[in-house]
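Only one structure is covered here, and it is reproduced in the block below.
Residue numbers (our numbering): 22 to 178.
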């Protein structure tokens with residue numbers, strides 16, 4: 022008596038497999054491929070672990086921003102903070118460049134945490150992706166991700 026065939030649904034198609042061992046091999050291979058794909062999609066930001074990066078992206082909203090865009094203006098009330106995922110940002114006060122920010126850097130948090138107006142402009146210097154955090158999301162991120170808390174505390178103090 023031959024074993025009953027198994028039917029296994031892959032993401033792309035349904036396959037008929039004749040033995041349980043072949044079924045489990047295919048299943049394990051499919052799971053490993055899915056995990057590899059997930060790891061490729063979720064690369065950690067500099068200074069953050071993969072788990073911290075996932076937490077940050079679940080809390081905030083990822084946004085693509087084109088070069089030359091001012092994402093925070095001096096004198097405005099701070100309604101959001103930004104964590105740079107890709108690209109580059111520059112912090113400016115008038116024509117004076119105060120800082121150049123690289124991936125993993127936090128921007129715009131000072132006005133939220135100090136309850137003051139923004140004291141500088143944040144301008145995109147090369148096409149960027151940022152994770153946008155509302156004040157409540159920023160506080161949650163600081164509690165859950167120690168390295169962001171350290172960055173924020175260094176600037177607020």
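Heads up, the beta-carbon is just placed ideally off N, CA and C, and yes, glycines get one too.
Could you check where the beta strand (DSSP E) with residue 85 kicks off and where it finishes? Start at 1 with the first residue of the chain shown, and residue 85 comes out as number 64. Counting along the chain, residue 85 sits inside the beta strand (DSSP E) bounded by residues 82-86.
Within this structure, are the beta carbons of residue 101 and residue 155 separated by less than 8 Å? As a first step, residue 101 is located in the chain shown; it is residue number 80 there, counting from the start. As a first step, residue 155 is located in the chain shown; it is residue number 134 there, counting from the start. Yes. Within cutoff.
When DSSP builds the beta bridges, which residues end up paired with residue 109? Position 88 of the chain shown, counted from the first residue, corresponds to residue 109. Paired residue(s): 147.
Along the chain, where does the beta strand (DSSP E) that runs through residue 70 open and close? Position 49 of the chain shown holds residue 70. Run containing residue 70: none; DSSP gives neither H nor E here.
What residues in its chain sit with their C-beta under 7 Å from that of residue 159, if we drop five residues either side in the sequence? By one-based count along the chain shown, residue 159 stands at place 138. Within the same chain, residue 159 has close Cβ partners 102, 130 and 133.
Please report the distance separating the alpha-carbon of residue 76 from that of residue 149. Position 55 of the chain shown, counting from 1, holds the residue named residue 76. Position 128 of the chain shown, counting from 1, holds the residue named residue 149. Cα to Cα, residue 76 sits roughly 20 Å from residue 149.
For residue 163, which residues from the same chain have a beta carbon less than 7 Å from its beta carbon, with the 5 sequence-adjacent residues on both sides left out? For this step, residue 163 is matched to residue 142 along the chain shown. The residues are 169, 170 and 173.
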